[in-house]
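The listed protein sequences correspond, in order, to chains A and B. Final position of the first sequence in the working numbering is 305; the numbers increase by one with none missing. Final position of the second sequence in the working numbering is 461; the numbers increase by one with none missing. Glycine included, each C-beta is placed from N, C-alpha and C at the ideal position. Everything on this sheet refers to the single structure shown next.
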Amino acid sequence: MLRIQHIVKQYAQHRALDDVSMDIKKGSIFGLLGPNGAGKTSLIRIINQITAPDSGEVFFNGEKLNPKHIAKIGYLPEERGLYKKMEIGEQALYLAQLKGLSRAEATKRIKYWFEKMDMQGWWNKKVEDLSKGMQQKVQFVATVLHEPELIILDEPFSGFDPVNAEIITQEILELNQKGATIIFSTHRMESVEQLCDSIALINKSHKILDGKVSDIKNSYRNNTYAIEFTGQFPAEKADLFSIVSTGKAHEIRIKIAEGKTPNEVLNYLLPHIQIQQLSEVIPSINDIFIQKVSH
Amino acid sequence: MNKVLLIIQREYLTRVKKKSFLLMTFLVPALIIGMYALIAYLSVNGADKATEVQVYDESGIFTSEFKNIETVSFRVGKTSFAEAKKEAATNEKGFILHIPKDIEQLSKVELYSKKKVGLSTLSTINNQLEEILRNKQLKDAGIDAKTLATIKPDISIDSKELTAEGEKDSSAGAAYAIGFAAAILIYMSLFIYGSQVMRGVIEEKTSRIVEVIISSVKPFQLMLGKIIGIGLVGITQFTLWIVLSTTLVGTASKILLKDKVSSVKTELVEGKQNKAIAEASTNPALTVINAVKTLNLTYIFTCFLVYFLGGYLIYSALFAAVGSAVDNETETQQFMLPITLPLLFTYIMSFTFILNNPDSSLSFWLSIIPFTSPIAMMVRLPFGVPDWQLALSIVLLIGGFILTTWIAAKIYRVGILMYGKKASYKELAKWLFYKE
Chain A
11 MLRIQHIVKQ YAQHRALDDV SMDIKKGSIF GLLGPNGAGK TSLIRIINQI TAPDSGEVFF
71 NGEKLNPKHI AKIGYLPEER GLYKKMEIGE QALYLAQLKG LSRAEATKRI KYWFEKMDMQ
131 GWWNKKVEDL SKGMQQKVQF VATVLHEPEL IILDEPFSGF DPVNAEIITQ EILELNQKGA
191 TIIFSTHRME SVEQLCDSIA LINKSHKILD GKVSDIKNSY RNNTYAIEFT GQFPAEKADL
251 FSIVSTGKAH EIRIKIAEGK TPNEVLNYLL PHIQIQQLSE VIPSINDIFI QKVSH
Chain B
26 MNKVLLIIQR EYLTRVKKKS FLLMTFLVPA LIIGMYALIA YLSVNGADKA TEVQVYDESG
86 IFTSEFKNIE TVSFRVGKTS FAEAKKEAAT NEKGFILHIP KDIEQLSKVE LYSKKKVGLS
146 TLSTINNQLE EILRNKQLKD AGIDAKTLAT IKPDISIDSK ELTAEGEKDS SAGAAYAIGF
206 AAAILIYMSL FIYGSQVMRG VIEEKTSRIV EVIISSVKPF QLMLGKIIGI GLVGITQFTL
266 WIVLSTTLVG TASKILLKDK VSSVKTELVE GKQNKAIAEA STNPALTVIN AVKTLNLTYI
326 FTCFLVYFLG GYLIYSALFA AVGSAVDNET ETQQFMLPIT LPLLFTYIMS FTFILNNPDS
386 SLSFWLSIIP FTSPIAMMVR LPFGVPDWQL ALSIVLLIGG FILTTWIAAK IYRVGILMYG
446 KKASYKELAK WLFYKE
C-alpha cells in the first residue's frame with residue numbers, strides 16, 4: 011500500500027531522515043517507533059505531503075504520491091488542535107469538506123460518528139468548553155470522517171484516560187478490520203507492541219530495524235527461560251544451561267545451551283527443586299530497541 | 026480552488042458572525058452622525074450663548090459703535106466700574122472691558138474677567154476696537170461716512186476648476202477634508218485587518234490545527250484563503266459604514282436644513298441685525314456639505330476600495346508571514362518594524378507635506394511606490410490626479426502585492442510548522458530558500 015524508498019530530508023544543519031525505506035502492507039497495523047527526535051514526524055509529514063523529501067520516493071498503492079492521495083489519508087498529528095472558538099459540528103464539517111467530502115455527506119457521517127462515540131449534543135458546543143479528552147475524541151472523528159484508506163496516528167493515546175484510550179483502540183481495530191491500513195507513530199513502544207503486526211524502528215534519522223513483530227521477536231530469542239521454583243537451585247551445568255541472572259529469591263533466568271531442549275533441562279532440575287513455572291523470555295520491542303541502539 | 030473557497034467562507038463567516046463585528050458596524054456610523062449632529066447643533070445654537078461684555082468707555086468713542094455678533098454681545102456697564110470689577114470677581118460669566126480716556130495716545134485697553142478669555146472673543150473685541158478707532162481717525166482726517174463705506178473692500182475667493190466639461194466649483198477645503206479622512210481610514214484599516222490576519226495565523230499555529238489543515242490543503246491556499254476572507258470582512262464593513270452613514274446624514278441634513286430656515290425667519294421677525302442672516306448662510310456645517318458635493322464621491326470611494334484592497338493585500342501577506350514566524354503575539358514586536366515604518370512614514374508625510382503639496386514630486390513618488398501609495402494616493406486623489414499616474418500606481422500596487430505574497434508564502438509555509446523556535450531575520454531569509 012505504501013512503499014517508501016530511500017528518503018532523505020535535510021533541514022538547515024540537521025539531517026532528519028537519511029536513506030529511509032520501508033514497505034507498509036495493505037490492511038496492516040504498522041508501528042513507526044523511535045525515540046523523540048528520531049525523524050518520525052518528518053517522515054509522516056512527507057507521507058502527508060506537508061513537506062517534500064530532498065530525494066527518494068513514496069508510492070501510494072503503486073502510484074507515485076500526488077495531491078490526489080490527500081483525500082485518502084487521515085492524519086491525527088501529535089500536536090492536536092482545533093479552532094477554540096468554533097462550534098464542534100461546524101469544525102468537523104469544515105475539516106471533512108477540506109478533505110473533499112460534500113457538505114451533506116459530511117453532515118451524515120458526523121451524525122453517525124457522534125452517535126457511535128457517545129458525543130450527541132456536542133454539535134453546538136465550542137472547543138474551549140470541552141475537556142482535553144473530549145477534544146481528542148472530536149479530533150479522532152475528524153481524522154476518520156472521510157473514510158481514509160490510510161490512517162496515520164501520531165502518539166494517538168497521549169492525553170487519553172484509560173477508558174477513552176480503550177474506546178479509541180477498539181475503533182481503530184474496527185477500522186482496520188474494515189480494510190483501513192493504520193500507521194502508529196510513537197516513542198512509547200510498549201503501548202502499541204500488542205496492536206501492531208509490523209514495525210519499523212527509527213533512531214537518529216536512520217531506520218535500524220523493520221519487519222513483522224513476531225519475526226523480529228523470534229530472531230531476538232536467545233533460549234533464555236525464566237523459572238520460578240522452591241528449594242535449592244543446583245549449580246549450572248555448562249553443557250546443558252548457564253545462569254543468566256538470579257532475580258528474587260525464587261526466580262532465576264537461565265540460558266539453555268545450543269542443541270538442548272527445555273525438557274532436558276527440566277529432567278535435570280526436577281530432582282532438586284519444585285518447579286512452579288517455566289517460561290521463555292521473549293524480548294520486548296523496547297528491549298530489542300535498547301539492545302540495537304546501544305550497539 | 027474549491028478548498029480556497031471553503032477557507033474564505035470560514036474566515037469570513039466566523040468573523041462576520043461575531044458580536045463585535047455587528048457592534049462596530051453600527052457604532053461607527055452612529056459616532057459619525059453624533060459628531061456631525063454636534064457640530065451642526067453648536068453652529069446653529071452657538072449664538073444663544075454669546076459672551077457678554079460690559080463696556081466702560083471713558084473715551085466715549087466706542088460705546089455706540091460696538092456690533093453684537095453671534096458669539097459676543099456688548100452692553101454699556103450699568104454700575105460703576107469699581108463695583109462691576111468687584112462683581113466680576115465672583116461672576117463666572119461676563120467680561121468687563123475698560124477703555125481709558127486717552128485711548129488715542131496708545132494707552133492700554135483692559136479686559137477683566139474671572140475666567141480666562143477665549144482667543145476668538147479676544148480677537149473679536151480687538152478687531153472691533155481697531156476698526157472703530159480707524160473709522161474715527163479716517164473721519165477726523167476728512168473722509169465722510171459715505172466714502173468710507175465704499176472703500177471697504179470685501180473679497181472672497183470662489184475657486185473654479187477648469188475641466189473639459191467647462192468650469193466647476195472646486196473646494197480646496199473639502200478636498201483637504203476628504204484627503205485627511207481617507208489617509209486616516211486607510212492607515213487604520215491596514216493595521217486593523219492586517220493584524221487580524223496575523224492573529225488568525227498565530228491562532229492556527231498555537232492551537233496546532235494548522236498541521237491538520239495543511240495535510241488537506243497547501244499552505245499557500247490556507248494563507249490566501251485567510252487573507253481574502255478577512256479582506257472581504259473589511260470591504261463588507263466599509264460598505265455598511267458608507268451606506269449607513271450616508272443614509273443617516275442624508276436624513277439628518279434634511280431635518281437640519283428645515284430647522285435652519287425657521288431659525289432665520291425668527292431672527293428676521295425679531296428684527297435683529299441683518300448680519301445674522303449672513304452668518305446663518307455661512308454655517309460651517311452647510312458649507313462642508315455643499316463643498317463635499319462638488320467632489321466626485323463615487324470615484325473617490327471606488328479608488329478607496331482599490332487602494333484599501335491593494336494595500337491590504339500587500340501588508341496582510343507580510344502580517345501573515347510575521348504571524349507564522351512566531352509562537353505568540355508578544356513575539357511579533359521584533360518583526361513589526363519593517364511593516365510599521367513605511368506606513369507610519371507615509372501617514373505622517375500625508376499631514377505634514379502631501380496635503381499641502383499634493384502635486385510635488387515627493388508626493389508623486391510616494392503615491393506611486395506600492396508600499397506607500399495606498400495612503401499617499403488617497404490623500405492626493407481629491408485634489409485631482411492625472412489618469413496615467415493613477416494607472417501606473419495601481420499597476421505597481423498589483424505588482425507589489427504579487428511580490429510580497431510570493432515572499433510571504435515562502436516564509437509562511439516553513440514558519441507554521443516551526444514550534445518553539447525563536448526565529449531571527451537571518452532565519453527568515455534562510456526559509457526563503459528552503460525547498461518545499
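Remark: C-beta atoms of residue 152 of chain A and residue 102 of chain A approach each other more closely than 9 Å.
Using beta-carbon distances, residue 165 of chain A does not count as an interface residue toward chain B, since no partner is under 9 Å.
The beta carbon of residue 91 of chain A falls within 9 Å of a beta carbon belonging to chain B, placing the residue at that interface. Note on residue 43 of chain A: 16 or more other CB atoms within 10 angstroms of its CB, so buried under the neighbour-count rule. Counting only unbroken stretches of 4 or more residues, the alpha helix (DSSP H) elements lying wholly within the segment 115-187 of chain A are 142-154, 172-187, in sequence order. Contact of residue 35 of chain B with chain A is assigned, a C-beta pair being separated by under 9 Å. Among the residues of chain A, none has a CB under 8 Å from the CB of residue 227 of chain B; the nearest is roughly 12 Å distant.
Proximity of residue 58 of chain A to chain B, defined by a Cβ-Cβ separation below 9 Å, is satisfied. In terms of beta-carbon proximity, residue 28 of chain B lines the interface with chain A, with at least one pair separated by less than 9 Å.
Interface annotation for the segment 114-144 of chain A against chain B: 137, criterion Cβ-Cβ distance under 9 Å. Taking 9 Å as the cut-off, the Cβ atoms of residue 177 of chain A and residue 30 of chain A do not count as close. Segment contact: the segment 213-227 of chain A against the segment 235-242 of chain A, fewer than three CB-CB distances shorter than 8 Å; contact not assigned.
Taking a beta-carbon distance threshold of 9 Å, residue 242 of chain B counts as an interface residue toward chain A.
Considering only beta carbons, the part of the segment 70-96 of chain A lying closer than 9 Å to chain B consists of 77, 80, 81, 83, 84, 85, 86, 87, 88, 89, 90, 91, 92, 93, 94, 95, 96, in chain order. Straight-line spacing of the CA atoms in residue 389 of chain B and residue 383 of chain B works out to 8 Å.
When C-beta atoms of the segment 119-126 of chain A are compared with those of the segment 26-42 of chain B, fewer than three pairs fall below 8 Å, so the two segments do not count as touching.
Put simply, of B:94, B:269, B:245, B:222 the residue whose alpha carbon is nearest the alpha carbon of residue 29 of chain B is B:245. Taking a beta-carbon distance threshold of 9 Å, residue 39 of chain B counts as an interface residue toward chain A.
Scanning chain A for C-beta atoms nearer than 7 Å to the C-beta of residue 239 of chain B yields 60, reported in chain order. The Cβ-Cβ distance between residue 209 of chain A and residue 292 of chain A does not fall below 9 Å. No Cβ of chain A is located within less than 9 Å of the beta carbon of residue 224 of chain B.
Listed in chain order, the alpha helix (DSSP H) elements of length 4 or more contained wholly in the segment 34-100 of chain B are 44-70. Secondary structure within the segment 22-54 of chain A: the beta strand (DSSP E) runs of 3 or more consecutive residues, fully enclosed, are 25-34, 39-43 (chain order).
In the three-state scheme derived from DSSP, where H, G and I count as helix and E and B as strand, residue 444 of chain B is classed as coil. Residues of the segment 103-114 of chain A whose Cβ lies closer than 9 Å to any Cβ of chain B, in chain order: 104, 105, 107, 108, 109, 110.
Under the three-state reduction of DSSP, residue 337 of chain B is assigned to helix. Contact annotation: residue 121 of chain B and residue 78 of chain B have beta-carbon atoms nearer than 9 Å. At a cut-off of 9 Å, the C-beta of residue 153 of chain A has a neighbouring C-beta in chain B. Between residue 368 of chain B and residue 378 of chain B the beta-carbon gap is near 16 Å, outside 8 Å, which marks them as no contact.
Cα atoms of residue 265 of chain B and residue 403 of chain B: separation of roughly 20 Å, rounded to the nearest angstrom.
Contact of residue 233 of chain B with chain A is assigned, a C-beta pair being separated by under 9 Å.
When the beta-carbon positions are compared, residue 36 of chain A and residue 94 of chain A stay at least 9 Å from each other.
Each of B:434, B:156, B:444 was checked against the Cα of residue 458 of chain B, and the nearest Cα belongs to B:434. Under the 9 Å criterion on CB atoms, residue 236 of chain B is classed as interfacial with respect to chain A. For residue 33 of chain A, same chain residues with a beta-carbon under 7 Å away, outside a window of 5 residues either side, are 13 in chain order. In the displayed model, residue 154 of chain B falls within a helix according to three-state DSSP.
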